[in-house]
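Peer 1:
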Amino acid sequence: MTDFDTAVLDVDGTLVDSNYHHARAWQRAFREVGLAVPAWRIHRSIGMGGDRLVSAVAGESVEHAHGDRLRATWKRELDAVIHEIAALEGATDLLDELRHRGLKIVLASSGDPDHLEHALDVVDARPRIDGVVSSKDVKATKPSPDLLSVAVDSVTGASAVVIGDTVWDAEAARRAGLRAVGVLTGGFSRDELLGAGAAEVYTGLPDLVEDLDVVLNGVPDKN
C-alpha cells in the first residue's frame, strides 16, 4: 500500500535526456531572428512550455514580434536532432516499479506532442502507462498547475505524486497541491528543486527507484 494512487511524470529531462537539446534548438531559433541568447539562460526556462519560454527568456516584446516564428524554428531544429535523444537510465524501471505497486501512471509534458511521441518510443512507455497529457490539452503550461490537474483527472486519481526535473515541475505541483519529487537529471540543483517545493530530490532515477517505497509512503523529507 502507498499514500498515492497516481504518479504524474514529467518527460523531458526526467525520462529522456533532452533538456540540452531543447536549449540548443531554442538558441538557434533566437539566432535566426537576430538575437544572441546564451544557452545557460535558455536552460533556466526549459520545462516551461513554448507559450511561456520566449517571454521568460527574451521579454514580451520579442514574444509579440517573433513568438510564433521562434516556436516553429525551435520545433524544426529539435526535429533535426531528435534521433539523438535517448532514455535516461532507470526510466523504464521506474515505470515498471510504479505499475508493480498499483499506481496509475500519467506522463505530463509541456512540450510539443510530436516530440512526446518520440519519448514514448525510446522509453517503451506505451504498454506501461495509463495516459498522456501535453501542451495541446491545456491553455497554460508549467509552471501553471493545469497540466498536472488534467493528468490526475484523466485517470480519476485521488492522490498523486509528481516526479520531475525542473523547478517548473515542482512549482506546478505545489500550486496543484500535489507532492513533488525531484531528480537532478535536467540540470537544476538540489537546492533549487527543494526551494521550488520538491519534498525529496534524488540524483537520478535509479536512486529514486531504490527508495521508491519510502517516496510513496509520504515519510519525512529526504534532502
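Just so you know, the sequence shown maps onto residues 31 to 253 in this note's numbering. For every residue, glycine included, the Cβ atom is placed at its ideal position computed from N, Cα and C. No experiment lies behind these values; they were computed from the predicted model shown.
1. When you compare each of G132, I72 and R99 to A86 by their alpha carbons, which one comes out closest?
2. Could you check if V261 is buried or exposed, using at least 16 other CB atoms within 10 Å of its CB as the buried criterion?
3. Flag this pair as yes or no: are the beta carbons of R209 and V180 separated by less than 8 Å?
4. Can you name, in chain order, every residue of its own chain whose Cβ lies under 8 Å from the Cβ of L146, other than the five neighbours on each side?
5. Taking 7 Å as the cut-off, is the beta-carbon of A190 closer than that to any non-hydrogen atom of the ligand GDP?
6. Which class does G216 belong to by DSSP, given the choice of helix, strand or coil?
7. I need the DSSP call for T36, collapsed to helix, strand or coil.
8. Assign R106 to one of three DSSP states: helix, strand, or coil.
9. To which residues of the same chain is H148 closer than 6 Å at the C-beta, ignoring the five residues directly before and after it?
10. Among the residues of its own chain, which have a CB less than 7 Å from the CB of D109, if the five just before and after it don't count?
11. Assuming G227 contacts V213 (C-beta within less than 8 Å), just tell me the rounded distance between them.
12. Among P173, L39, R99 and I115, which residue has its Cα nearest to the Cα of E62?
13. Using three-state DSSP, classify D42 as helix, strand or coil.
14. Specify, as a first and last residue, the run of the beta strand (DSSP E) that G161 falls within.
15. Could you compute how far the alpha carbon of S219 sits from the alpha carbon of V38?
16. Would you list the one or two residues that DSSP bridges to V230?
17. Nearest-angstrom Cα distance between L45 and R158?
18. Quick one: which unbroken beta strand (DSSP E) runs of 3-plus residues sit fully inside the segment 120-166? Chain order, please.
Peer 2: Taking the definition as stated:
1. On the sequence shown, position 56 is the one that residue 86 refers to. Taking only the C-alpha atoms, the option nearest A86 is I72.
2. The chain is shown from 31 up to 253; residue 261 falls before or after that span and cannot be answered.
3. For the purposes of this step, residue 209 is identified with residue 179 of the sequence shown, where counting begins at 1. For the purposes of this step, residue 180 is identified with residue 150 of the sequence shown, where counting begins at 1. With contacts defined by Cβ atoms closer than 8 Å, R209 and V180 do not form a contacting pair.
4. Start at 1 with the first residue of the sequence shown, and residue 146 comes out as number 116. Around L146: V41, L137, S139, V162 and S164.
5. No copy of the ligand GDP appears in this structure; indeed no ligand is present at all.
6. Here residue 216 refers to the residue found at position 186 when the sequence shown is read from its first residue. In the displayed model, G216 falls within a helix according to three-state DSSP.
7. Sequence index remark: in the sequence shown, residue 36 carries index 6 (1-based). Assigned with DSSP and collapsed to three states, T36 falls in strand.
8. Position 76 of the sequence shown, counted from the first residue, corresponds to residue 106. Note: R106 maps to helix in three-state DSSP.
9. Position 118 of the sequence shown, counted from the start, is the residue given in the question as residue 148. Cβ within range, chain order: I112.
10. Residue mapping note: residue 109 aligns to position 79 of the sequence shown, counting from 1. Cβ neighbours of D109 beyond the five flanking positions: none.
11. In the sequence shown, residue 227 corresponds to position 197, counting from 1. In the sequence shown, residue 213 corresponds to position 183, counting from 1. Not quite, the Cβ-Cβ distance comes to about 14 Å (not below 8 Å), so this is no contact.
12. Here residue 62 refers to the residue found at position 32 of the sequence shown. Nearest option by C-alpha distance: R99.
13. Residue 42 sits at position 12 when you count from the first residue of the sequence shown. Note: D42 maps to strand in three-state DSSP.
14. By one-based count along the sequence shown, residue 161 stands at place 131. DSSP places G161 inside the beta strand (DSSP E), whose first and last residues are G161 to V163.
15. Position 189 of the sequence shown, counted from the first residue, corresponds to residue 219. Position 8 of the sequence shown, counted from the first residue, corresponds to residue 38. Going by the C-alpha atoms only, they are around 21 Å apart.
16. As a working mapping, residue 230 is identified with position 200 in the sequence shown. What sits at residue 230 in the sequence shown is Glu, not Val. Looking at the DSSP assignment, E230 forms a beta bridge with V211.
17. Position 15 of the sequence shown holds residue 45. Position 128 of the sequence shown holds residue 158. Straight-line Cα distance between these residues: approximately 13 Å.
18. Segments of the beta strand (DSSP E) lying fully in the segment 120-166: 134-138 and 161-163.
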